[in-house]
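Before any comments, here is the structure.
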Amino acid sequence: MTEGTPETPEKSVQRAGFVALIGEPNAGKSTLLNRMVGAKVSIVTHKVQTTRARIRGVAIEGDSQIVFVDTPGLFQPKRRLDRAMVAAAWSGVSDSDVVVLMIEAHRGITKGVEAILERLGDVGKGRTIALAINKIDRVEAPVLLGLTKEMNERFAFSETFLISAEKGHGAGTLRAWLAERMPVEPWLYPEDQIADLPLRIIAAEITREKLTLRLHQELPYQLTVETENWEERKDGSCKVDQLVYVMRDGHKGIVLGNRGETIKSVGKAAREELVEFLGRKVHLFIQVKVRPNWLEDSDRYSEMGLNFKDGNE
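Heads up: the sequence shown begins at 15 in the numbering used here, then just goes up one per residue.
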């Protein structure tokens with residue numbers, strides 16, 4: 015190099031790609047997604063099968079942009095909604111660059127995990143597939159080592175990670191490994207964008223989470239939330255109108271609660287989380303309506319990111 019000539023800085027190589035998180039319901043996929051992204055983009059409850067749409071969360075690791083697809087849990091479908099959810103999960107695998115199968119350390123190799131492994135052999139051909147054993151704090155080391163060995167004997171995983179999605183153990187190592195395996199290409203999203211879901215859907219998912227938590231065993235699977243209107247106000251706040259659809263009059267009474275106390279409590283919790291998420295004042299108004307056949311309404315499926323036709327027998 016000629017003396018006095020400034021050295022040209024080496025241009026960083028951008029990487030970007032999709033990672034599908036798959037596993038049984040409640041394996042911790044949503045918790046891991048939120049941990050990876052560093053913000054809440056997927057609802058997390060103690061209920062199984064709470065993730066209906068394939069929610070994309072975006073994480074930045076060095077020069078890599080990792081787009082996580084949090085698929086619905088894989089289970090034995092019984093209804094149209096179930097079938098559409100499972101189809102969406104496997105579609106997420108087909109569309110991704112890397113697949114991470116999550117299993118629970120304390121549950122081990124269940125029938126559900128065995129069914130996923132069997133299907134992965136076909137759907138996952140030609141893809142990088144990693145194993146993430148979650149909730150490692152629930153078992154002793156010998157059990158964990160035995161599970162790791164047996165899983166890798168059953169399937170040729172590219173790598174195995176021992177993690178606690180809730181506490182963050184091992185999540186950073188997994189994210190760094192994924193970053194290195196993203197294809198070389200320009201970033202897919204602006205740097206400050208953490209999810210590709212419209213705000214209307216994120217708001218509806220937040221409210222549905224609060225309803226699920228509040229109603230416990232009563233009817234989380236038989237209701238849906240729709241953001242009917244979103245109004246930006248001059249003072250920087252926003253007004254959000256939502257509809258909760260239930261299937262029966264009796265369900266409406268449960269959601270409303272005595273003197274409307276349940277829906278008031280749900281609305282307060284949802285509004286507080288929306289304020290935190292958006293960083294501004296939110297005026298949230300929720301109505302509850304009976305729609306007996308919402309599970310057969312194709313528009314509801316589109317709003318959840320699901321294909322209505324995938325629910326056919």
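Positions of the beta carbon are idealized from the N, C-alpha and C atoms, including for glycine.
All values derive from a computational prediction rather than experimental measurement.
### Message
Please report the distance separating the alpha-carbon of residue 172 from that of residue 299.
### Response
Each residue's Cα considered, the two are about 48 Å apart.
### Task
State whether the stretch 183-192 contacts the stretch 153-167, with contact taken as three or more CB pairs (one from each stretch) at a distance under 8 Å.
Not touching, per the Cβ criterion.
### Message
Among 226, 228, 164, 241, whose alpha-carbon lies nearest the alpha-carbon of residue 216?
### Response
Ranking the options by Cα distance to residue 216, first place goes to 241.
### Task
Could you tell me which residues DSSP puts in a beta bridge with residue 259?
In the DSSP assignment, the residues bridged to residue 259 are 238, 303.
### Message
When you compare the CB positions of residue 260 and residue 253, do they come within less than 9 Å of one another, or not?
### Response
Taking 9 Å as the cut-off, the beta carbon of residue 260 is found no closer than this to the beta carbon of residue 253.
### Query
Taking the C-alpha atoms as reference points, what is the distance between residue 117 and residue 302?
The alpha-carbon atoms of residue 117 and residue 302 are separated by roughly 37 Å.
### Query
With which residues is residue 243 paired in a DSSP beta bridge?
Under DSSP, residue 243 takes part in a beta bridge, and its partners are 255.
### residue 190 burial status per 10 Å Cβ neighbour count (16 or more: buried)
Exposed is the call here.
### Task
Sort 73, 159, 243 by Cα distance to residue 207 and report the nearest one.
Nearest in C-alpha terms to residue 207, of all of 73, 159, 243, is 73.
### Task
Grab the span of the alpha helix (DSSP H) containing residue 48 for me, first residue to last.
Where residue 48 is concerned, the enclosing alpha helix (DSSP H) stretches over 43-51.
### Query
Is it right to say residue 31 is buried, meaning 16 or more other beta carbons lie within 10 angstroms of its own, or is it exposed?
Label assigned to residue 31: buried.
### Query
Between residue 147 and residue 158, is the Cβ-Cβ spacing less than 9 Å?
Residue 147 is a Cβ neighbour of residue 158, given a cutoff of 9 Å.
### Query
Run through DSSP, which three-state label would residue 116 get?
Under the three-state reduction of DSSP, residue 116 is assigned to strand.
### Query
At what residues does the alpha helix (DSSP H) containing residue 153 begin and finish?
Here residue 153 belongs to no alpha helix (DSSP H), and DSSP marks it neither H nor E.
### Task
Apply the 10 Å Cβ neighbour rule to residue 243 and answer buried if 16 or more other Cβ atoms are within range, or exposed otherwise.
Exposed.
### Query
Taking the continuous beta strand (DSSP E) assigned at residue 173, which residues delimit it?
Membership of residue 173 in the beta strand (DSSP E) is indicated by the continuous run 173-176.
### Query
With a Cβ-Cβ cutoff of 9 Å, do residue 284 and residue 221 count as a contact?
For residue 284 and residue 221, yes; Cβs fall inside 9 Å.
### Query
In whole angstroms, what is the alpha-carbon distance linking residue 124 and residue 269?
Taking the straight line joining both Cα atoms gives about 34 Å.
### Task
Count the other C-beta atoms from every protein chain shown that fall within 10 angstroms of the C-beta of residue 26, then say buried if there are 16 or more, exposed otherwise.
Note on residue 26: under 16 other CB atoms within 10 angstroms of its CB, so exposed under the neighbour-count rule.
### Task
Go ahead and label residue 110 buried or exposed: buried means 16 or more other beta carbons lie within 10 angstroms of its beta carbon, across all protein chains shown.
If you draw a 10 Å sphere on the C-beta of residue 110, you find 16 or more other C-beta atoms in it, and that means buried.
### Query
Candidates 81, 78, 239: which alpha carbon is nearest residue 258's?
Looking at the Cα atoms, 239 is the closest of the given residues.
#### Entry: Coarse secondary structure for residue 188, derived from DSSP in three states
In the structure shown, residue 188 adopts helical secondary structure according to DSSP, grouped into three states.
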